Amino acid sequence: MSGPGFRVALWLAVCAMAFARPSWGQESGTARWRLTGAWLAVGPNAPFLTRLGTRHHDVYVLGLRAERALVQHGALQLYHTVDALPLAVSTAMPVRYDDGTCAGAPPQDQATCLQWVPHFGTVYGFGLAPVGLELRYAAHRRLRIVASAAVGALYFTQRIPDPMASRLNFSITGNVGVRIAPGSHRAIDVGYRFQHVSNGGLAFNPGMNTHMLQVGLGVR
Numbered sequence: 644m645s646g647p648g649f650r651v652a653l654w655l656a657v658c659a660m661a662f663a664r665p666s667w668g669q670e671s672g673t674a675r676w677r678l679t680g681a682w683l684a685v686g687p688n689a690p691f692l693t694r695l696g697t698r699h700h701d702v703y704v705l706g707l708r709a710e711r712a713l714v715q716h717g718a719l720q721l722y723h724t725v726d727a728l729p730l731a732v733s734t735a736m737p738v739r740y741d742d743g744t745c746a747g748a749p750p751q752d753q754a755t756c757l758q759w760v761p762h763f764g765t766v767y768g769f770g771l772a773p774v775g776l777e778l779r780y781a782a783h784r785r786l787r788i789v790a791s792a793a794v795g796a797l798y799f800t801q802r803i804p805d806p807m808a809s810r811l812n813f814s815i816t817g818n819v820g821v822r823i824a825p826g827s828h829r830a831i832d833v834g835y836r837f838q839h840v841s842n843g844g845l846a847f848n849p850g851m852n853t854h855m856l857q858v859g860l861g862v863r
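Residue numbers (our numbering): 644 to 863.
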């Protein structure tokens, strides 16, 4: 994993979690919006497609969650969620390609020796996922089983995953996991996150699929 990118994401996640407002106690309650905590998703060594074939990068996404209750039926609860994404990090992105030729090739063979020389860097972004649904099943007083999906957008400092692609990308995510309340004041979320990012045809559009571990913290 990329050390600097991970440290930045982790530091911001800890700060956001420290200042998260109470969120978890009245699960049955109100239609008011509430800030419910923060989360960090990590996708190590994720494959993605470039013009030179498949490469791998590390992906980090930091999120701040707000939600409101929609429906409750017995042990099932449905929420509308909104995630602010103040930081998204993608390492080892090809930010530029240079034209190169094979050294010492005869002039008549240079056309067949033409090749792309990639230059890689870390790309940062931010975004918003305003359309999300989360279904929770109360398996126990201190345990919820959670499944969710969300749609949003991300804007990056460079075009990804290719210099011919777009800085603006759209995201579709799906999550499954558990929410645990080990004490009377805090809740911990742990789960699997699938993230698809693409520009929807705004430019060259390889798209990226990432499998991630997501952890979050809220307070009751």
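Here a beta-carbon is modelled for each residue, glycine too, at the ideal position from N, C-alpha and C. Nothing here was measured: the structure is a model prediction, and the numbers come from that model.
Tell me which residues share the same chain as A772 and place their Cβ nearer than 6 Å to its Cβ, disregarding the 5 neighbours each side in the sequence.
So the list reads D726, A793, G795, once near-sequence residues are dropped.
Taking 8 Å as the cut-off, decide whether the C-beta atoms of R677 and R711 are in contact.
Yes.
What is the residue span of the beta strand (DSSP E) that A689 lies within?
A689 -> beta strand (DSSP E) spans 677-693.
Using the three-state DSSP reduction, which class does G826 fall into: helix, strand or coil?
Coil at G826, not helix or strand.
Name the DSSP bridge partner or partners of R728?
The sequence as given places Leu at residue 728; Arg does not occur at that position. DSSP output for L728 lists G770 as bridge partner(s).
DSSP three-state label for F799, please.
The answer is strand: DSSP assigns F799 an E or B state.
Verify whether the separation of the beta carbon atoms of A718 and A781 is less than 8 Å.
The answer is yes: Cβ separation under 8 Å.
Less than 8 Å between the beta carbons of M851 and A684, yes or no?
No; because the gap between Cβ atoms is not below 8 Å, this pair is not in contact.
Under 8 Å by Cβ, that's how I've got V766 and M807 pegged, so tell me the actual separation to the nearest angstrom.
So it is not a contact: roughly 15 Å between Cβ atoms.
Whole angstroms is fine: what's the gap from Q857's alpha carbon to G680's?
So the two alpha carbons sit approximately 13 Å from each other.
Output the distance between the C-alpha atoms of G775 and D741, rounded to the nearest integer angstrom.
Taking the straight line joining both Cα atoms gives about 41 Å.
Pull up the DSSP beta-bridge partners for F837, would you.
DSSP lists G817, H854 as partners of F837.
Determine whether the beta carbon atoms of P687 and L705 lie at a separation below 8 Å.
Result no, Cβ atoms of P687 and L705 do not sit closer than 8 Å.
Let's test the definition: count the other Cβ atoms within 10 Å of the Cβ of Y835 and tell me whether it reaches 16, buried, or not, exposed.
Looking at its Cβ environment, which holds fewer than 16 other Cβ atoms inside 10 Å, Y835 is exposed.
So, is S827 buried or exposed, given that buried needs 16 or more other C-beta atoms within 10 angstroms?
Its Cβ having fewer than 16 others within 10 Å, S827 is exposed.
For R664, name the three-state secondary structure that DSSP assigns.
Note that R664 scores 44 on pLDDT, short of 50, meaning its location in the model is unreliable; the coordinates nonetheless yield the value given after this. Coil at R664, not helix or strand.
What span of residues does the beta strand (DSSP E) with G696 cover, start to end?
Element bounds for G696: 696-716.
Mark R708 as exposed unless 16 or more other C-beta atoms lie within 10 angstroms of its C-beta, in which case mark it buried.
Looking at its Cβ environment, which holds 16 or more other Cβ atoms inside 10 Å, R708 is buried.
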